[in-house]
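Chains as they are written, first to last, in the working numbering: chain V, 196 to 476; chain D, 906 to 1192.
Given below as structure tokens:
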């Protein structure tokens, strides 16, 4: 409570009025939406496909509900948000069962046509199924330690497989690509015609790119290196690192804007073309 | 620290006005769009040229690593790639390691099959002209397994047909027998496919990704670990243009341009306002 009860009352009254107006506007929008939906996608029409029409209406409604967040967080948005999470999870469970667990685990074990087939399945599936079930022990605080056997195997095997492959793909091949233009620039082929037109076109560009990448990498790493005080030359390198970071963030941000707008364009196309049935010109 | 409470009162209003303008720009572009001429990116052209260089009967592997939330950007790419394959007689092998991607992968296959009939007069048959393998979990393990034995990783396709002896998979025993692998990704799977799949199998790889992910692909493109890539809706539009089959990508370009111009104008306007305000405050302070 503030020191001005009258001001509080006025404020509360204004909030109530605003909420009433918003609820009225929401009810009106729902009525408009349903009317438009029934006109453009009437599931009761003679030649209509009811499942498709209802699906389109629900999809359009949920799209508009999700965009209602741009005005303000509201109960309809919360319903849509929870529905999205729930439906995704439900769909994942059904697909995992239908496409993976039933044909590869359940049917070979519980619907085996012969005893020999069952024994064969058991031989191949027993260890992975048991290790998978052990993971569920995480749910229990008392027996959670049992899951460590599965995790130990996963992490040990994962690291063993990943280290050589990742080292090759992310470090060695990247280093080779970074050094290759510089190597080619001083190689015998380049030395034959240095500073010729072909040299500038074929070698100078990649060399310049490689040098910029090298300087940028060192400068950015130095910016995050706090063991040495960033003074004089160090300060200049650090500032150069910030510039490289800003250019990188700018490029990423530009692409992010493009991506988000693409999603909006996709939804607007859906609403106009599929829900409202407005043909594309 | 700026919080919702101490923001200027007009902030919410301005924010909503900007949203309305952006929405209007997209909606107006849907109805009115002047013809735009744009030249495809070199990265996209390289992917197109690679598919174009494949012979009928060659295999192109497509991994669907996106779900419906990224449909706007990646579905047009999937459709264009499949149409290109069917047009050339290349056999696409489609699969997904994500349960939420199964529906959208099947939708892409079905639509491209219908298009092959209506656009190229070809009757495309599952198991003969293309394969939809469906879903298997465990991305890294799955890639490693397919690198050794593709039919062991998928003993049946999505429709329940056995992959052993399948006409479309004749001559394919592992990823090494694939002529080009394309990862259509909205998740961080491109790096996994490079490390566990294509670098190991020694086959060329291309990607189609959301615009957000595109900048991260350049190091792999410059090291030739990727032969090219399709970046965002623009990448899809470029591929459609090269293929000469317009689709959702090209249709989205006028709206992209309109909204980009609007954003640039808003940035310009906000900067002018800021500098003008600073100038006026300085002037008032001096006088």
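Each residue gets a CB set at the ideal place from its N, CA and C atoms; glycine is no exception.
Starting from residue i, trace the beta strand (DSSP E) in both directions and tell me its first and last residue.
i, result
"residue 1112 of chain D", "1110-1114"
"residue 350 of chain V", "No beta strand (DSSP E) contains residue 350 of chain V, which is instead part of the alpha helix (DSSP H) from 342-361."
"residue 968 of chain D", "964-970"
"residue 1037 of chain D", "1036-1040"
"residue 954 of chain D", "Here residue 954 of chain D belongs to no beta strand (DSSP E); instead the alpha helix (DSSP H) covers 947-958."
"residue 381 of chain V", "From DSSP, residue 381 of chain V is part of no beta strand (DSSP E); its letter is neither H nor E."
"residue 997 of chain D", "996-1001"
"residue 1088 of chain D", "1085-1090"
Suppose the cutoff is 8 Å on Cβ atoms and the five residues either side in sequence are ignored; what does the same chain contact list for residue i look like?
i, result
"residue 377 of chain V", "402, 405, 406"
"residue 944 of chain D", "none"
"residue 468 of chain V", "474, 475"
"residue 1062 of chain D", "1031, 1032, 1036, 1037, 1038, 1039, 1068, 1071"
"residue 440 of chain V", "415, 418"
"residue 907 of chain D", "Confidence at residue 907 of chain D is low in this model, with a pLDDT of 47, below 50, so the placement of that residue is unreliable and no value is reported for it."
"residue 1092 of chain D", "970, 971, 1003"
"residue 444 of chain V", "none"
Under the assumption that residue i contacts residue j (Cβ atoms under 8 Å), give the Cβ distance between them as a whole number of angstroms.
i, j, result
"residue 932 of chain D", "residue 463 of chain V", "6 Å"
"residue 970 of chain D", "residue 1003 of chain D", "6 Å"
"residue 987 of chain D", "residue 997 of chain D", "6 Å"
"residue 1037 of chain D", "residue 1011 of chain D", "6 Å"
"residue 1125 of chain D", "residue 1111 of chain D", "Between residue 1111 of chain D and residue 1125 of chain D the Cβ distance is about 11 Å, and since that is not below 8 Å, they are no contact."
"residue 1088 of chain D", "residue 1095 of chain D", "6 Å"
"residue 342 of chain V", "residue 330 of chain V", "5 Å"
"residue 391 of chain V", "residue 1005 of chain D", "So it is not a contact: roughly 55 Å between Cβ atoms."
"residue 295 of chain V", "residue 304 of chain V", "The pair is not a contact, with the Cβ atoms about 14 Å apart (cut-off 8 Å)."
"residue 461 of chain V", "residue 976 of chain D", "6 Å"
"residue 1130 of chain D", "residue 364 of chain V", "7 Å"
"residue 1193 of chain D", "residue 1052 of chain D", "The first residue shown for chain D is 906 and the last is 1192, placing residue 1193 of chain D beyond what the model contains."
"residue 1140 of chain D", "residue 1113 of chain D", "6 Å"
"residue 1146 of chain D", "residue 959 of chain D", "About 20 Å separates the two Cβ atoms, so there is no contact after all."
With a threshold of 7 Å on Cβ separation, who are the neighbours of residue i within its own chain once the five nearest residues in sequence on each side are excluded?
i, result
"residue 1137 of chain D", "978, 1115, 1116, 1119"
"residue 1047 of chain D", "1002, 1041, 1058"
"residue 989 of chain D", "956, 1148"
"residue 1055 of chain D", "1077, 1078, 1079, 1080"
"residue 238 of chain V", "245, 248, 249"
"residue 466 of chain V", "255, 258"
"residue 227 of chain V", "none"
Show which residues of chain A have a CB atom less than 7 Å away from the CB atom of residue i.
i, result
"residue 454 of chain V", "Of the protein chains in the structure, V and D, none is chain A."
Along the alpha helix (DSSP H) that carries residue i, what are the first and last residues, could you check?
i, result
"residue 1134 of chain D", "That residue, residue 1134 of chain D, is in no alpha helix (DSSP H); its beta strand (DSSP E) goes 1133-1136."
"residue 245 of chain V", "245-262"
"residue 922 of chain D", "915-936"
"residue 265 of chain V", "Looking at the DSSP string, residue 265 of chain V is not in any alpha helix (DSSP H), and its letter there is neither H nor E."
"residue 979 of chain D", "976-993"
"residue 438 of chain V", "428-464"
"residue 864 of chain D", "Chain D is shown from 906 up to 1192; residue 864 of chain D falls before or after that span and cannot be answered."
"residue 399 of chain V", "Residue 399 of chain V -> no alpha helix (DSSP H), and no H or E assigned at all."
"residue 235 of chain V", "200-235"
"residue 1056 of chain D", "1055-1058"
"residue 1127 of chain D", "1123-1127"
Sorted by chain position, which residues of the same chain lie with C-beta nearer than 6 Å to residue i's C-beta, five sequence neighbours on each side aside?
i, result
"residue 257 of chain V", "275"
"residue 236 of chain V", "248, 251, 252"
"residue 1176 of chain D", "none"
"residue 1160 of chain D", "931, 934"
"residue 952 of chain D", "1111, 1133"
"residue 1066 of chain D", "1032"
"residue 1021 of chain D", "991, 1027, 1029"
"residue 1049 of chain D", "1101"
Exercise. Using a beta-carbon distance cut-off of less than 8 Å, what residues from the region 355-369 of chain V approach chain D?
Worked result: 356, 357, 360, 361, 363, 364, 365, 368, 369
For this session: Identify each residue in the region 987-1016 of chain D for which the Cβ-Cβ distance to at least one residue of chain V is less than 7 Å, and report them in chain order.
Result: 1004, 1005, 1007
Problem set entry | Residues, ordered as in the chain, of the region 263-289 of chain V that lie near chain D by beta-carbon distance below 7 Å | 265, 266, 283, 286, 287
For this session: Report the residue ranges of all alpha helix (DSSP H) runs contained in full by the region 264-330 of chain V; include only those spanning at least 4 residues, in chain order.
Result: 270-291, 302-305, 310-330
Exercise. Can you list, in chain order, the residues of the region 1153-1185 of chain D whose Cβ is nearer than 8 Å to any Cβ on chain V?
Worked result: 1153, 1156, 1157, 1160, 1161, 1164, 1165, 1168
Problem set entry | Residues in the region 439-463 of chain V having any Cβ partner in chain D nearer than 9 Å | 443, 446, 447, 449, 450, 451, 452, 453, 454, 455, 456, 457, 458, 459, 460, 461, 462, 463
Problem set entry | Interface positions of the region 1012-1042 of chain D facing chain V (Cβ-Cβ less than 8 Å), listed along the chain | 1039, 1040, 1041, 1042
Exercise. In chain order, what residues of the region 290-308 of chain V put their CB closer than 8 Å to some CB of chain D?
Worked result: 290, 291, 294, 295, 298
Problem set entry | Within 8 Å of chain V by C-beta, residues of the region 1090-1106 of chain D in sequence order | 1096, 1099, 1100, 1101, 1104, 1105
Exercise. Which residues, in order along the region 931-953 of chain D, keep a beta-carbon less than 9 Å from a beta-carbon of chain V?
Worked result: 931, 932, 934, 935, 936, 937, 938
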